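Chains as they are written, first to last, in UniProt numbering: chain A, 1 to 460; chain B, 1 to 460; chain C, 1 to 460; chain D, 1 to 460.
Glycine included, every Cβ here is placed at the ideal spot set by N, Cα and C.
Just so we're clear, the structure is a prediction, and the values are computed from it rather than from any experiment.
Note sheet for the following structure.
4 protein chains.
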Amino acid sequence: KQEFSRFPTKAGRRSLSRSISQSSTDSYSSAASYTDSSDDETSPRDKTQVNTKGSSDFCVKNIKQAEFGRREIEIAEQDMSALISLRKRAQSEKPLAGAKIVGCTHITAQTAVLIETLVALGAQCRWTACNIYSTQNEVAAALSENGVSVFAWKGESEDDFWWCIDHCINTEGWQPNMILDDGGDLTHWMYKKYPNVFKKIRGIVEESVTGVHRLYQLSKAGKLCVPAMNVNDSVTKQKFDNLYCCRESILDGLKRTTDVMFGGKQVVVCGYGEVGKGCCAALKALGAIVYVTEIDPICGLQACMDGFRVVKLNEVIRQVDVIITCTGNKNVVTRDQLDRMKNGSIVCNMGHSNTEIDVASLRTPELTWERVRSQVDHVIWPDGKRVILLAEGRLLNLSCSTVPTFVLSITATTQALALIELYNAPEGRYKQDVYLLPKKMDKHFCILYFILFTGCTAYI
Amino acid sequence: KQEFSRFPTKAGRRSLSRSISQSSTDSYSSAASYTDSSDDETSPRDKTQVNTKGSSDFCVKNIKQAEFGRREIEIAEQDMSALISLRKRAQSEKPLAGAKIVGCTHITAQTAVLIETLVALGAQCRWTACNIYSTQNEVAAALSENGVSVFAWKGESEDDFWWCIDHCINTEGWQPNMILDDGGDLTHWMYKKYPNVFKKIRGIVEESVTGVHRLYQLSKAGKLCVPAMNVNDSVTKQKFDNLYCCRESILDGLKRTTDVMFGGKQVVVCGYGEVGKGCCAALKALGAIVYVTEIDPICGLQACMDGFRVVKLNEVIRQVDVIITCTGNKNVVTRDQLDRMKNGSIVCNMGHSNTEIDVASLRTPELTWERVRSQVDHVIWPDGKRVILLAEGRLLNLSCSTVPTFVLSITATTQALALIELYNAPEGRYKQDVYLLPKKMDKHFCILYFILFTGCTAYI
Amino acid sequence: KQEFSRFPTKAGRRSLSRSISQSSTDSYSSAASYTDSSDDETSPRDKTQVNTKGSSDFCVKNIKQAEFGRREIEIAEQDMSALISLRKRAQSEKPLAGAKIVGCTHITAQTAVLIETLVALGAQCRWTACNIYSTQNEVAAALSENGVSVFAWKGESEDDFWWCIDHCINTEGWQPNMILDDGGDLTHWMYKKYPNVFKKIRGIVEESVTGVHRLYQLSKAGKLCVPAMNVNDSVTKQKFDNLYCCRESILDGLKRTTDVMFGGKQVVVCGYGEVGKGCCAALKALGAIVYVTEIDPICGLQACMDGFRVVKLNEVIRQVDVIITCTGNKNVVTRDQLDRMKNGSIVCNMGHSNTEIDVASLRTPELTWERVRSQVDHVIWPDGKRVILLAEGRLLNLSCSTVPTFVLSITATTQALALIELYNAPEGRYKQDVYLLPKKMDKHFCILYFILFTGCTAYI
Amino acid sequence: KQEFSRFPTKAGRRSLSRSISQSSTDSYSSAASYTDSSDDETSPRDKTQVNTKGSSDFCVKNIKQAEFGRREIEIAEQDMSALISLRKRAQSEKPLAGAKIVGCTHITAQTAVLIETLVALGAQCRWTACNIYSTQNEVAAALSENGVSVFAWKGESEDDFWWCIDHCINTEGWQPNMILDDGGDLTHWMYKKYPNVFKKIRGIVEESVTGVHRLYQLSKAGKLCVPAMNVNDSVTKQKFDNLYCCRESILDGLKRTTDVMFGGKQVVVCGYGEVGKGCCAALKALGAIVYVTEIDPICGLQACMDGFRVVKLNEVIRQVDVIITCTGNKNVVTRDQLDRMKNGSIVCNMGHSNTEIDVASLRTPELTWERVRSQVDHVIWPDGKRVILLAEGRLLNLSCSTVPTFVLSITATTQALALIELYNAPEGRYKQDVYLLPKKMDKHFCILYFILFTGCTAYI
């Protein structure tokens, strides 16, 4: 029981996965408020709803929002051409015929395109949310209307969260044989509560770092009786999520929050891994003067050869306009350094946790916090100096910019391919262990993408 | 009377000036809704309001919003260091002592910083809005509370618009001697209605292309009895508003509206002037494959030497993902070409009018328009093809991205310097004509900026 | 007579013109040595030579080298497609029929292509060299063999120089009516010695800054009785010679002389005009960390917005690996600063004279000079510190890199078009003054180039 | 015996190693010709020479050239600061005391700095050349004068080559215990001819791909009785030799051979590995329009995201100005494609062999070859079309550009560290196998470099 007590807060467990960003949902807010404006405070668990086909095997905020959600899904389909293409190619062979998939992911228009693709390929699906806040209620309604049993709504309590997972797994006449998870909560619940169901699972596809970590632990302990696939570490995903995505989202995140002009600004990027490389390239291209701090000399030498001055943070702390952390380490920017930043400078985090900037140290009586916009705080020193802190030190790209649908589409296509692979693999190819996506599939997927992307059919 | 009947719609007359963008106001919407949520439908003209100093010589939505507006102004001051610096340097000499300025501009936090700087330098100011939509009510309240007579609110009728201008100019015991205008409406109203007041004006500073055009016409007709300064064509402003700003706002505008990933996208930019150069540089840097169309061979050769393939639009129309117009010409993208664009492609305008894309040709029965977000329409062909049209073909950077405060600050500083110059110029330096900002001042201003910007004092 | 006593040394008068570079001749050196290896020390003036058509109206080193020179010309034709295209288009209309042109330029394979184009268009030509060192003897022979009377050889004495000019102008039965000059020596000689011939000239085309300067002086003094065209200041030439050429030649010049690796090097570029912009862009792109010094704040602000730190030289003098001067001013790098440069650092000049680096100050007894390669000196301080000085502070791009034939081709095409324009202009279009190339022609030429360059016929 | 019959031609076996380039020796040619101008045709094997210390245990062209060679070495020391620093740090501890190293590498000023560093660290060295052409005679003399027994001269016959290797290994009272090889010839000779000596070797450091390949074969066959270290595949070397070096040498190689202007040129780069990435980045930065061909979809997608159009060669063959091969495959450019290239286009190879361009297919009677410069051939089609072939399809960066001393310095430092590691490793750390440089050492070396390079001591 202890095991499930860690409340699935967004900032904590979910921060490493490719969660849908706050601002992405914000961008649909007017729409949402239109349909959500009902004063309906009744918990979905207390309501009885029936879809137009007469089914009530679901639990969503309001099934009547289905039409609106359907439109959102259709718009998302526009940008997910790889997935749609996979759907068209494979729906005659039905590679997932007989698959009974339980899924636990963010429930958004993009996920809906994935789920409906799985259905088109022959699978039956039941779904629940991996985050208590991120569900798009209208999309959940549209899926439920379309025959997918969804148990999720925006603003679940912790108790709701586990109740939904439980209802997703456990219903009469349903014996799931595949899991698609993001964070490992559904997997763990099934492992603990329904060990006999768990043993019959043919494969798990896991999206997040945290979930993968939990699977490795199970595997080490000899308790993983099911082959699992780690789609977080695929070459393509890494490249896209880090270098190419961050190259764009650093600009987007800074602009949306602060309207800062990049040209001529002095910026220090802490860390020159893939994320740092992306940030540096983008900012340099837009006319910023970029410094790099780096503790690994090979990365440092790369920064050097790429034309960035490698410095210690303290050397430039007084002169820079923007600090961006991308190290994966703790307390890369300390209170002492924040004290020395100049008036009006910006500090934000693109790295792998919310501890790179020592935000806690700023919550002291002598400093005043002023929230000037969503995700933007002015921290004000006694002498009037203001430092602009974005997203309270959480990931800028998740909190303050949108993830391009194109990238979500890559992730979703990867997940679909991994499910197909695990479900169809010949006996013995996968044992009770955690696997990476096979190289060949990674490449196959890449070809698929490349064709769609460039129209170049050189690789067929 | 006929002369004033052209209604000052935003899309029409104002599109050429550096107006505050729609999205910029959007970004304060949560704040605005907080204070505006009153159901107060009473016209400000029908209310009697008094500020805490007992004055009622103003007309705004709600004087009680002053405190909130004051905070907005303080935040804006953070980013307008050049203006604040000018305020500090010059407030002891009071170079505008005795100046009575009537102003007609967008009324935003940034403008407020300008107005209060003029007051700090010795001027008395009365102000009105140059746009019926763009006024930030809280800021208008804060200014009025602080002793500046403001006549403006968000959502004026046409009649309100001219009523405000009239009350701004004409009040007992007030004889304006300087005009700061953006669009030329106040200037024209005074010229027509109060010719005797107009004759005593010592100088006009005009911000917009339209307003400057009207002044040149007056001058040609021999009717301009006042020296005027065209701050629209200053070197610095041109460079900033075009090359450097557009380099950033094309990315920002596309991202906020469509979340498109730039990497690998094929983009055609029509026109390789300063705006086109900025767009091309930014998109190339973010990994897009960029083509250029250009009818001037010198610009074409520059595009070529900068590494862009110069093509005719028809050569690439079927393959590109994004079309961006920056030519200043009409019908650069025709219906025929829109017919041949591929599904999901984006078309938008960064040029000087809303006629570069033949949007009118898309308003035909066989095409369906679907508004998917603010400023984003899907135009749907009978075969299901969707073309994504941004801002209905109006300027993307004004409609869908914010103007960095930094740039607004440059404009405001230029205006302040122009007012000081005209007000203090020795007899005879300026005749009844339209002037450009003197080179020396342009440079002086540039030095001011440069120091603030870089901390480098090499030029003092 | 005094007037002609200034010896036409390369470094002095010619440094501003687009002279053929030392290294360019170097690159043909093996070829040259092959044919030049004769021990023939006889002055060409003392020899009697006859070409295969029986003419002896020329004076070159060795007419027997004609075949070798012809091959050099054919190779040059490959890269001068604009000129060849002009030749083909216009040779039927013969726009220069009747023109008798005396020319004084560098005599290289590229110039030969120009001269033979003029002949193809109907002109008769007599030619001499504007520089005592730069003549390619084989090319002079090939031209002479082909019927152009050339008076030039490599290694003329000053007396030879003027003797050649005199023989070029003055021969029985020859009345020149056009001048193509580079440096103004031929023009001046004719003006002084043959005033009656000079008066009948229909036009002068002058290439160099020095020559143009002399023409303006004549014009001011009311003594210029002939229209002249300044082809040095054409838009296209300026853009090409500065921004685009220097972008390439800075890399080329540094690499050929020092084999320096650019990646990671710290470089300071003094001056951010077109030349500086080109240097900065290239070095930044290759991974150098670039600083800029600039005294004009508008250029400084541009540097800033382009992502370069603007500094004072003294701030970075101790840390940089390379100093490049592009200012046009004197003593931009002083002895005091050279004293503070670090061991192994490189200093060179891309600006407009050989005085930007105070090279004279380095010629003191305590410093040792060591020539390590052609154009490369190590200046060694008493403590063993070495500073690497390139081209003794003369123009790096002229001394140590080649000028792309493409650019020479632009210059030559410009000259041809200017001659055609002046020769065919209706009476009265040009008066006795110095003109810039008419805009329309500049554009016409640009179109010509653009088509050839891109294959895009959008402008025809 | 058969084994040694493969003549060590430069183009063949050595093409993969980091050999000194032809043009690099060219750049010293004037110096060389000065000292080499003796008509001395006597084979060094037939001469008896004695150095000033009375030793005659060496065989070089002319021991009297020692002083000139010493100066070359001193100049090279300027740019090899890492090696010099290593020399200074370690010469008190003498980590190579007792080491008796036989070496077979290119003999250049840079190698001399390495050899003299090994001596300073305590080693005794005997040396021979790995290439019959690349020896700098003056440097060989200087080393011999300084007590290192060198057996090498420029222009050895094959018989000389093996004679030198034999004399290097086999002399009375000398029992080598370490090998530094580049190509594996010395190793093989010792293995075959002196098996008893070979068994007592403590370690082999091998530089080239070919040599490493031979070592792996020996190891597989169970015949490698000595631990060997593969310094070719160190992370740092790979990054430097490929991405960063090629980024510079593609520009340098094209410029030196053809003087081509990059701006506006259409270029196709075949292959988007590290070499291709470097070439593309440099050419794009200089204003070329770059296309990529790539058969690996992951690399193709990277090219795409980096902003390059991925095409099939045939799509662009008629329009491009330059073709560059970087694939490592054979016949990437076929005769059929060469037939379709346009007049004046350039074709060259940066990849891993001389077979990427099907040069053999061009040696047919209907095509005329014309050598226009060193390393530059015009291949002329019957219709007059010329294609410019560089370095006869061999590696452009080795044949036509210099390798920066900085990079040679990295290689040399790596070799020295590998020797130290192998010589000092505790019993059992290395077995009879081929090893990569240990990560820690790679990093150690990287730190060393980084400090020297940037002056940043963050990693000490």
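Secondary structure in the segment 245 to 318 of chain D: the beta strand (DSSP E) runs of 3 residues or longer, each lying completely within the stretch, are 266 to 270, 289 to 293 in chain order.
At least one beta carbon of chain B lies nearer than 8 Å to the beta carbon of Met305 (chain C). At a cut-off of 8 Å, the C-beta of Arg386 (chain B) has no neighbouring C-beta in chain D.
Nearest to Leu436 (chain C) by alpha-carbon distance, out of C:Glu207, C:Ile169, C:Tyr291, C:Gly54, is C:Glu207.
Where Ile388 (chain D) is concerned, the enclosing beta strand (DSSP E) starts and stops at 386 to 390. Nearest C-alpha to Val434 (chain C) among C:Val209, C:Ile317, C:Lys342: C:Val209.
Within chain A, the C-beta atoms nearer than 8 Å to that of Gly263 (chain C) come from Cys304, Met305, Asp306, Gly307, in chain order. The CB of Tyr244 (chain A) comes closer than 8 Å to the CB of Met305 in chain D, given here in chain order. For Lys255 (chain C), the nearest CB of chain D lies under 8 Å from its own CB, placing it at the interface with that chain. DSSP links Ser149 (chain D) through a beta bridge to D:Arg126. Asn424 (chain A) counts as exposed, since fewer than 16 other beta carbons sit within 10 angstroms of its beta carbon. For Ala288 (chain C), the residues of chain A that pass the 7 Å Cβ criterion are Gly307, in the order they occur in the chain. When rounded, the separation of the alpha-carbon atoms in Leu86 (chain D) and Cys280 (chain A) is 33 Å. Identification of chain B residues near Lys284 (chain D) by a Cβ-Cβ cut-off of 9 Å yields Lys284, Gly307, ordered along the chain. Annotation for Asp377 (chain A): Trp369, Glu370, Arg371, Leu389, Glu392 place their beta carbon closer than 7 Å to its own, counting only its chain and skipping 5 residues before and after. Looking from the CA of Leu243 (chain B), the closest CA among B:Asn397, B:Gln91, B:Trp189 belongs to B:Asn397. For Asn232 (chain B), the three-state secondary structure derived from DSSP is coil. According to the DSSP assignment, Arg71 (chain B) belongs to the alpha helix (DSSP H) that extends over 66 to 79. Secondary structure of Tyr435 (chain A) (DSSP, three-state): strand. The alpha-carbon of Leu83 (chain C) is positioned some 15 Å away from that of Ser92 (chain C). Within the model, the alpha-carbon separation for Thr105 (chain C) versus Trp381 (chain C) is close to 41 Å. In the structure shown, Gly203 (chain C) falls within a strand segment according to DSSP collapsed to helix, strand and coil. For the 8 Å CB-CB criterion, Ile204 (chain A) and Val102 (chain A) do not form a contact. Put simply, the CB of Thr368 (chain D) is far from chain C, with every gap to its CB atoms at 8 Å or more.
Sequence-distant partners of Asp185 (chain A) (beyond 5 residues in either direction) whose C-beta falls short of 7 Å from its own C-beta, in its chain, are Pro8, Cys104, Cys130, Ile165.
For the segment 149 to 203 of chain D, the continuous alpha helix (DSSP H) assignments of 4+ residues that do not extend past its boundaries occur at 158 to 169, 185 to 193, 195 to 199, in sequence order. About 7 Å separates the Cβ atoms of Ala152 (chain B) and Val60 (chain B), confirming a contact at the 8 Å cut-off. Under the 8 Å criterion on CB atoms, Phe406 (chain C) is classed as interfacial with respect to chain D. Taken in chain order, the members of the segment 46 to 78 of chain D whose beta-carbon sits within less than 7 Å of a beta-carbon on chain C are Ile75, Gln78. When Cβ-Cβ separations below 8 Å define contact, Gly344 (chain B) makes contact with chain A. Sequence-distant Cβ neighbours of Arg373 (chain C) in its own chain, meaning closer than 8 Å and more than five residues away, are Thr257. Take Tyr291 (chain A), set aside five residues on each side of it, and the residues of its chain with a beta-carbon closer than 6 Å to its own are Val268, Arg309, Val311, Val316, in chain order.
When DSSP states are grouped into helix, strand and coil, Gly103 (chain D) belongs to the strand group.
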